[in-house]
């Protein structure tokens with residue numbers, strides 16, 4: 001009997017849930033078995049995200065932003081100008097520093113020139129003094145040689161005459177002393193006689209003694225005159241020698257004067273030492289001023305802020321005309337050529353992970369595309385060890401996670417820091433098939 005369309009439709013309605021259930025079971029079994037097989041050879045987790053190099057850009061100087069050349073999303077190259085700060089104040093500082101440096105350079109040149117002239121003049125004066133001293137010394141030696149030859153001939157006669165004169169003068173002095181004593185004694189006895197203390201005989205004896213002493217004194221004076229006459233006669237015979245002696249004495253005095261002049265000339269080098277010290281001080285000041293100038297120029301150069309890396313401006317915290325401070329973060333630049341995946345693997349599965357293991361990566365933003373990577377590093381401690389606040393209260397055992405860094409190539413710059421991903425890390429050889437009763441996912 002032929003079924004009506006209504007009956008056929010009714011039958012399909014009854015069979016459709018069964019058919020759909022069968023199809024669902026088949027599809028679920030297919031993907032479930034595939035996932036189970038994949039999980040046996042891989043450690044998987046969705047606790048992972050893209051990380052990258054993000055550099056915070058801060059100005060080295062404070063000031064007002066007068067030119068802003070980038071915005072969020074702008075691609076920049078290393079060394080590209082990002083923004084400029086008003087350079088007026090820093091240009092003034094550079095001009096002031098340049099003026100100080102130029103003034104010190106001028107002073108240093110003048111001081112060096114003065115020092116050179118002082119040294120040259122001192123050198124000439126020393127050489128001149130040394131030449132004059134040498135000539136005087138030669139002349140003195142010649143005169144001393146001639147005097148020695150002439151003096152030897154009459155030296156004995158002069159010595160004799162001088163000795164006789166000294167003897168006569170000595171005797172004259174002795175007679176003078178005796179005469180003074182006789183005179184004193186005569187005066188004393190005369191006073192006593194007048195007072196009636198001593199007799200006249202003693203006074204008369206004193207007068208006789210005084211007269212005798214006076215006669216001997218006059219005789220001694222005559223002897224001195226004769227000895228002096230003889231000495232003068234001998235001295236007259238050696239006038240040339242005395243003249244030569246005077247000349248020698250004069251030459252010696254001149255030599256001493258020239259030696260003193262040479263010493264003074266050499267002492268004048270102290271003035272040069274003071275000038276050398278001034279040159280050193282000026283050099284030190286110039287070096288310090290040049291350092292300040294270099295610092296001022298560097299600050300002026302820092303009014304132009306350039307990108308430290310090649311990348312994309314991911315954050316902008318400044319607007320044109322704003323005042324910015326030194327060290328204030330104003331831009332963040334991300335380097336999309338240097339990205340990686342940071343995944344957190346449960347501690348019970350970390351034994352299956354080794355450095356160099358291949359990794360399958362699925363990015364939530366690109367569900368139809370699979371990326372490849374490799375395990376680069378495995379953390380040395382669980383994430384909880386780096387928590388800012390220590391655990392408090394009752395203890396609850398929680399499975400810890402170990403950070404694993406995975407290298408990945410950022411094809412066409414598709415990967416951005418912060419994107420969530422799922423990773424499947426191939427288990428190390430010898431680990432596959434082990435712990436089959438464990439959960440098929442480390443999520």
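Residue numbers (our numbering): 1 to 443. Don't be surprised by glycine CBs; every beta carbon is placed ideally from N, CA and C. Bear in mind that the values here come from a model prediction, so they are computed numbers and not experimental data.
Helix, strand or coil at residue i according to DSSP, with G and I counted as helix
{"i": "residue 434", "result": "Annotation note: pLDDT 44 at residue 434 (below 50); position unreliable, coordinate value reported separately. In this structure, residue 434 counts as coil in the three-state DSSP scheme."}
{"i": "residue 412", "result": "helix"}
{"i": "residue 96", "result": "helix"}
{"i": "residue 373", "result": "strand"}
{"i": "residue 280", "result": "helix"}
{"i": "residue 427", "result": "coil"}
{"i": "residue 184", "result": "helix"}
{"i": "residue 330", "result": "coil"}
{"i": "residue 443", "result": "Because the pLDDT at residue 443 is just 39, under 50, the model does not fix this residue reliably, and the point stays unresolved."}
{"i": "residue 74", "result": "coil"}
{"i": "residue 320", "result": "coil"}
{"i": "residue 17", "result": "helix"}
{"i": "residue 402", "result": "strand"}
{"i": "residue 175", "result": "helix"}
{"i": "residue 345", "result": "strand"}
{"i": "residue 197", "result": "coil"}
{"i": "residue 419", "result": "coil"}
{"i": "residue 1", "result": "The pLDDT assigned to residue 1 is 48, lower than 50, so where the model puts this residue is not dependable, and the model offers no usable value."}
Proximity below 8 Å, CB of residue i to CB of residue j
{"i": "residue 179", "j": "residue 251", "result": "no"}
{"i": "residue 306", "j": "residue 101", "result": "no"}
{"i": "residue 162", "j": "residue 248", "result": "no"}
{"i": "residue 278", "j": "residue 99", "result": "no"}
{"i": "residue 343", "j": "residue 404", "result": "yes"}
{"i": "residue 359", "j": "residue 402", "result": "no"}
{"i": "residue 385", "j": "residue 348", "result": "no"}
{"i": "residue 244", "j": "residue 146", "result": "yes"}
{"i": "residue 87", "j": "residue 377", "result": "no"}
{"i": "residue 73", "j": "residue 312", "result": "yes"}
{"i": "residue 271", "j": "residue 59", "result": "no"}
{"i": "residue 48", "j": "residue 421", "result": "yes"}
{"i": "residue 176", "j": "residue 254", "result": "no"}
{"i": "residue 172", "j": "residue 215", "result": "no"}
{"i": "residue 234", "j": "residue 158", "result": "yes"}
{"i": "residue 380", "j": "residue 419", "result": "no"}
{"i": "residue 182", "j": "residue 213", "result": "yes"}
Enclosing beta strand (DSSP E) for residue i [first to last residue]
{"i": "residue 48", "result": "42 to 57"}
{"i": "residue 65", "result": "63 to 68"}
{"i": "residue 314", "result": "311 to 316"}
{"i": "residue 351", "result": "From DSSP, residue 351 is part of no beta strand (DSSP E); its letter is neither H nor E."}
{"i": "residue 303", "result": "Where residue 303 is concerned, there is no enclosing beta strand (DSSP E), given that its DSSP letter is neither H nor E."}
{"i": "residue 360", "result": "358 to 363"}
{"i": "residue 85", "result": "81 to 85"}
Residue i at chain E interface by Cβ criterion, 8 Å
{"i": "residue 62", "result": "Absence of chain E from the displayed structure is noted, only one protein chain being present."}
Residue interval of the alpha helix (DSSP H) (run including residue i)
{"i": "residue 235", "result": "200 to 237"}
Anticipated Cβ contact below 8 Å, residue i with residue j, distance rounded
{"i": "residue 133", "j": "residue 262", "result": "6 Å"}
{"i": "residue 61", "j": "residue 83", "result": "About 12 Å; that fails the 8 Å criterion."}
{"i": "residue 375", "j": "residue 309", "result": "Not quite, the Cβ-Cβ distance comes to about 26 Å (not below 8 Å), so this is no contact."}
{"i": "residue 353", "j": "residue 408", "result": "Rounded, the Cβ-Cβ distance is 16 Å, inconsistent with contact."}
{"i": "residue 363", "j": "residue 63", "result": "The pair is not a contact, with the Cβ atoms about 42 Å apart (cut-off 8 Å)."}
Are three or more beta carbon pairs between the stretch 272 to 291 and the stretch 39 to 47 nearer than 8 Å?
-> no
Are at least three pairs of beta-carbons, each pair with one atom in the stretch 278 to 287 and one in the stretch 105 to 116, less than 8 Å apart?
-> By the Cβ rule, the stretch 278 to 287 counts as touching the stretch 105 to 116, because three or more pairs are nearer than 8 Å.
Check whether the stretch 362 to 380 touches the stretch 321 to 338, counting contact only when three or more Cβ pairs, one atom from each stretch, lie closer than 8 Å.
-> no
With contact counted as at least three CB pairs below 8 Å, one residue from each stretch, are the stretch 92 to 100 and the stretch 291 to 307 in contact?
-> Yes, they touch.
Three or more C-beta pairs closer than 8 Å, one from the stretch 49 to 59 and one from the stretch 334 to 346: is that the case here?
-> yes
Between the stretch 204 to 215 and the stretch 111 to 121, do at least 3 Cβ pairs fall closer than 8 Å?
-> no
Spell out a yes or no on whether the stretch 157 to 172 and the stretch 220 to 235 are touching, meaning 3 or more CB-CB pairs, one atom from each, closer than 8 Å.
-> yes
With contact counted as at least three CB pairs below 8 Å, one residue from each stretch, are the stretch 150 to 158 and the stretch 179 to 189 in contact?
-> no
Take every Cβ of the stretch 317 to 329, pair it with every Cβ of the stretch 66 to 74, and state whether three or more of those distances are shorter than 8 Å.
-> Taking 8 Å as the limit for Cβ pairs, the verdict is that the stretch 66 to 74 does touch the stretch 317 to 329.
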